[in-house]
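Visitor: Can you keep this structure in mind? I'll have questions shortly.
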Amino acid sequence: TDIPGVTCVKPKSALYLFPKLDSEMYPIEDDQQFVADLLKEEKVLLVQGSGFNWGKPDHFRVVFLPHEDVLKEAIGRLARFLERYRNNKHSRKASSTAAKASCNRFK
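Take the sequence shown: its letter number 17 is residue 24 in my numbering, and every next letter is one higher.
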């Protein structure tokens, strides 16, 4: 891909992609929160890798059934989100940890 830190194997017969994020560039601890943040900030819905029993928070699933123009717009929004994520990774990590601690109070 043209997005720094994102790699993907070209599918042979599937209707989806399963890109991998470089864990050094994107130190994601909670991939559910990651896709929720993407949806909230950029209005792009992906499915986190853990939703498919992937063990690490470094993959996500993209379905490529929509029209090509729609996909280009969505990938552009994803790229913009990931650029912000790279630039703010330390504050996001702290924010994620604080949010988890806050949620754990209610358990």
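Here a beta-carbon is modelled for each residue, glycine too, at the ideal position from N, C-alpha and C. Here the structure is a predicted model, which is why all the values come from computation and not from measurement.
Using the Cα positions of Lys47 and Leu72, report the straight-line distance between them to the nearest angstrom.
Guide: One C-alpha to the other measures close to 22 Å.
Visitor: Can you have a look at Val70 and say buried or exposed, based on whether 16 or more other CB atoms are within 10 angstroms of its CB?
Guide: Val70 comes out exposed.
Visitor: I need the DSSP call for Tyr33, collapsed to helix, strand or coil.
Guide: In this structure, Tyr33 counts as coil in the three-state DSSP scheme.
Visitor: Buried or exposed: Ala101, going by 16 or more other Cβ atoms within 10 Å of its Cβ?
Guide: With a pLDDT of 43 at Ala101, under the threshold of 50, the modelled position of that residue is not reliable, and no figure is offered here.
Visitor: Under a three-way DSSP split, which group does Phe41 fall into?
Guide: Looking at Phe41 - three-state DSSP - the assignment turns out to be helix.
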